Structure formats: C-alpha cells, structure tokens
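First up is the structure itself, then whatever we jot down about it.
Chains as they are written, first to last, in the working numbering: chain Z, -15 to 147; chain X, -15 to 147; chain H, -15 to 147.
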C-alpha cells in the first residue's frame, strides 16, 4: 500500500506518466493494440455489409436492386462483438491508466496489461471471426473483467479516504 | 483563470496527476466506482438473459429447447441503460480527467465528482433495476450531463487560444 | 524517435500533461469540443423522440394515446450516428492522450487534433442532421480513423520493446 518511493527509486510518484516509467510504456503499447483492434471492428462490419449487401441507410445503397435492411445475422454478430468491446475495453482504458498512478509493481501490472489485451483479441476471434462453442468466449470475456475489477480494488483502497 | 500557483502552493501545475493532489485522488475513487458500476451492467444483462433464457448467439444456447431470441423487454431495458452509461459516463471520464489539469478548486471539483457519480448510480437504479415514473430518470441523467458541460466550459475557456 | 529534450527544451518529457505544453492545451480544447458534440447527440435523440413521439419505455409515455415503439427511422438514424461516435471518438480520446506522451512535434499533432475533430463534426452533420449522398460520410469517417491509426503507429513504434 505504501511502496511508492522505496521500491522504485527511479520513478517517483510525480513522474509516473512518462516514457521513463516501464509500466506506463507497457500500458501505451497494449492500449494501442486494443485501440487498433477496436477500430478494425468497424472495418470488419463494413466488410460484412458489402459482402451480404446489408445497408442501414438510403444513401449507402451502392448496388442496384438493394433496399435498406437490418438484422442480418452476419452483420449483427460483428456489431454485438464490437459493442461488447466498447462495454469492456473503454472502461478498462481509464481503469488501467489511473491504476498506474498508484505506482504498482512493474511485473504484476505489465502482465495484467498483457493478459487482458490478449484475452480481448481471443474474444474477438471466437466471437466475430470464427464462432467457437462456449465457454471459450466467456473465459476470454472474464479475463479482462476480473483484471479490471482487481485494478479497481487497488485504486479504491488507496483512495478510500477521499470518498 | 490564472490561479494556478498562487491559491494552491502545495500542488503546482506539473504535479496535478499524482496521489498528492486530493482532487485527483477524489477523481480516482469515483471513477473507479463508476467503472465497477458499468461492468456490473454486463453481469446484470447476463442475469436477465439466463433468467428469461434469451440468447442472441447459437453457441450460447445452454438450455434445451431454446432458440436464438432478440428484443425481450427485460433484457433490452438493461441494455438501453448500459448504452446510456456508455454515452454519458465514458465522455465524462475524459472530461473530468482533463478538467483536473486546469487545477480547479478542490471543494468544487470533488463535489462535482461525487454528485455526478451518485446521480448515475440513481440513474441505473430507476432505469434498469426498478423502473420508477419520470422525471426521476431525466433528473439523474441531467445531473452528470450538466456537470460535464460545466467542466467543458471551464476547460474550453482556459484553452481557447489554442483553437 | 529520440527528439525528446533536444527540440523542445521548454517542455521536458515529465511535464507534458500540463497547461504549459501547447500540444496538451490543443488536445484539451478539441477533446472538449468532441465531448460536447457527443453529449448533444443524446439531446438530438431526445428531440427526435419527442417530435415523432417514439418512446422505448413505458414510463416515458408523456403523451396520451401513445405506445412503446422502436425502430423509427428518424430516431434510429441519430442513434446510429451516436453509436458511430462512441466507436470512433472514445478510442481516439485515449489514443490522442497517450500520443502526447511521445512528445510529438507541436505543429503536426495540433493539426491532427484539429482535422480529426472537424471531420467528426462534418460526419455528424452529413449523417444525423442532414443526410447527404456518399462518399461524404465515408470521407469524414476515414479522416479520424486514419489519424488514430497514425498515432497508434507512432506510439507502438516508440514502446515496441515493452511488448
């Protein structure tokens, strides 16, 4: 709880958010991977829309003899996966960023970033790219969820007196 | 507009994002509460799905004699509340974080964090947990909205010359 | 790759996230504009709901002789635009924020913030306010997408050793 300046003399608490802090650098790398992964979901949705000619707006009808259509299972599956990303990865971005301000142990925190990010990549693969029987998706989903809850517990305990 | 170093000599502007700044600590605590609240919406959706056996994917059919189903009112109500959270809380996370960089008054900013967070907890209770007649939900929704607009005004006025 | 302290002596890397850094100030201003723009989408959805009397919850039926209704094209168009905002602007907020930690060139980064933000305002206008034939929306969408990818490439290359 109070390992700030004793265990990591190189990065005092007021310089945690810069490139000299390996924990912050590790966060930067894996947050970037997840941002790119999320944006690729938009492109994957577009691919499915063109493949099955399912467009939700009148001005998007690029092909002759098509009409505005909704609820195509191939498109909706990718959109559900994308929405699940927003529900989980976006809060994680903030949670992990503020978790760094507690100056956590470098090995623990870097491995949490790695596992959480890889779990979400697996989640996308088994949900949107190639559907796989459960509980593969539940496990991938649970990894980041539990890691975010752990970070939340660390931050909340450190800042409980500011309630 | 230029109260940075004169009114709060203990936290000069270059050390606002660390645990020595009580405003940042208060943000950390309440942002953590909201992250946990948002993630619990995923679990609440899962509870409703299992309770009413409404699953949107073929691989999720854990029970015999069930089919893929959508648009169940009990599930959709929780999903609408969750989407409303994403629409409002996620921009608030960024807005409140960058608002701290303007070195706001500690009492004002901490109370804004508290009111905004508690309002969103009330919003979830009256929307997704136990539906209550309006305007309870509109008021809870408006609290965080107005607070975010206020923070936006403060930040925009301070940084207007960088347009 | 290593232009930290030589090109910008006024803002050493450990003081990037404060109001002395013009790049951070420019981010603050345009992030604030985008937060306000996103929140206005909620109000635009509400306007459409009242105009066409389309309410998704029993407790929202403010008018006599109305019933719970979904899938109205006027409301759904605004909601799709809003969801697209969440899919693109929220990851951009994090990406642009951590991109600042690499101490990018002030002219380049400020102009990226400006173009990305203005492109999303155009996106909203041609999607939700006054539908315009394609490819206007695709171009507006692509601007922020490419800028976010560029920032991701810069950050990933700088932090690649922390994989």
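The beta-carbon is built from N, C-alpha and C at its ideal position, and this holds for glycine as well. The model shown is predicted, which means the values in this text are computed figures rather than measured ones.
Rounded straight-line distance, which links the Cα of residue j to that of residue i
i	j	result
residue 109 of chain X	residue 115 of chain X	8 Å
residue 59 of chain X	residue 48 of chain X	20 Å
residue 4 of chain H	residue 10 of chain H	11 Å
residue 79 of chain Z	residue 50 of chain Z	44 Å
residue 37 of chain Z	residue 128 of chain H	25 Å
residue 121 of chain Z	residue 66 of chain Z	14 Å
residue 12 of chain X	residue 0 of chain Z	15 Å
residue 40 of chain Z	residue 40 of chain X	20 Å
residue 111 of chain Z	residue 138 of chain Z	31 Å
residue 43 of chain H	residue 55 of chain Z	27 Å
residue 102 of chain H	residue 126 of chain H	12 Å
residue 14 of chain X	residue 20 of chain H	21 Å
residue 147 of chain X	residue 16 of chain Z	26 Å
residue 25 of chain Z	residue 32 of chain H	28 Å
residue 57 of chain Z	residue 70 of chain X	24 Å
residue 89 of chain Z	residue 132 of chain Z	16 Å
residue 62 of chain H	residue 30 of chain H	10 Å
residue 124 of chain Z	residue 141 of chain X	43 Å
residue 130 of chain X	residue 77 of chain X	14 Å
residue 8 of chain H	residue 2 of chain H	7 Å
residue 18 of chain H	residue 98 of chain H	11 Å
residue 210 of chain Z	residue 93 of chain Z	Chain Z is shown only over -15 to 147; residue 210 of chain Z falls outside these bounds and no answer can be derived.
Minimum Cβ-Cβ distance from residue i to chain H less than 8 Å
i	result
residue 74 of chain X	yes
residue 40 of chain X	no
residue 25 of chain X	no
Interface residues of chain H facing residue i [CB-CB closer than 7 Å]
i	result
residue 66 of chain Z	71
Buried versus exposed, by CB contacts within 10 Å (16 or more), residue i
i	result
residue 144 of chain Z	exposed
residue 136 of chain H	buried
residue 91 of chain X	exposed
residue 35 of chain Z	exposed
residue 23 of chain X	buried
residue 75 of chain X	buried
residue 46 of chain H	exposed
residue 105 of chain X	exposed
residue -9 of chain Z	With a pLDDT of 44 at residue -9 of chain Z, under the threshold of 50, the modelled position of that residue is not reliable, and the figure given next carries that caveat. It is exposed - the Cβ of residue -9 of chain Z has fewer than 16 other Cβ atoms within 10 Å.
residue 82 of chain H	buried
residue 72 of chain Z	buried
residue 148 of chain H	This structure gives no information on residue 148 of chain H, because the portion of chain H shown stretches from -15 to 147.
residue 27 of chain H	exposed
residue 96 of chain H	buried
residue 113 of chain X	exposed
residue 52 of chain X	exposed
7 Å Cβ cut-off: residues of chain X touching residue i
i	result
residue 22 of chain H	75
residue 103 of chain Z	Ordered by position in chain X, no residue passes the 7 Å Cβ test against residue 103 of chain Z, which lies about 14 Å from the chain.
Residues that residue i contacts on chain Z, provided the C-beta gap is smaller than 7 Å
i	result
residue 44 of chain X	118
C-beta neighbour in chain Z for residue i, strict 8 Å
i	result
residue 106 of chain X	no
residue 47 of chain H	no
residue 6 of chain X	yes
residue 143 of chain H	yes
residue 136 of chain H	yes
Below-8 Å beta-carbon distance, residue i vs any chain B residue
i	result
residue 146 of chain Z	This model lacks chain B altogether; the protein chains it does include are Z, X and H.
is_contact[residue i, chain X] using C-beta, thresh 8 Å
i	result
residue 96 of chain H	no
residue 133 of chain Z	yes
residue 9 of chain H	yes
residue 78 of chain Z	yes
residue 82 of chain Z	yes
residue 129 of chain Z	yes
Listed by chain order, chain X residues near residue i by CB distance under 9 Å
i	result
residue 115 of chain Z	41, 42, 43
residue 140 of chain Z	12, 13, 16, 17, 20
Entirely within the stretch 41 to 96 of chain Z and at least 3 residues each: give me those beta strand (DSSP E) ranges in chain order. none
Quick check for students: name the residue ranges of the alpha helix (DSSP H) that lie wholly in the stretch 1 to 46 of chain X, counting only runs of 4 or more.
6 to 36
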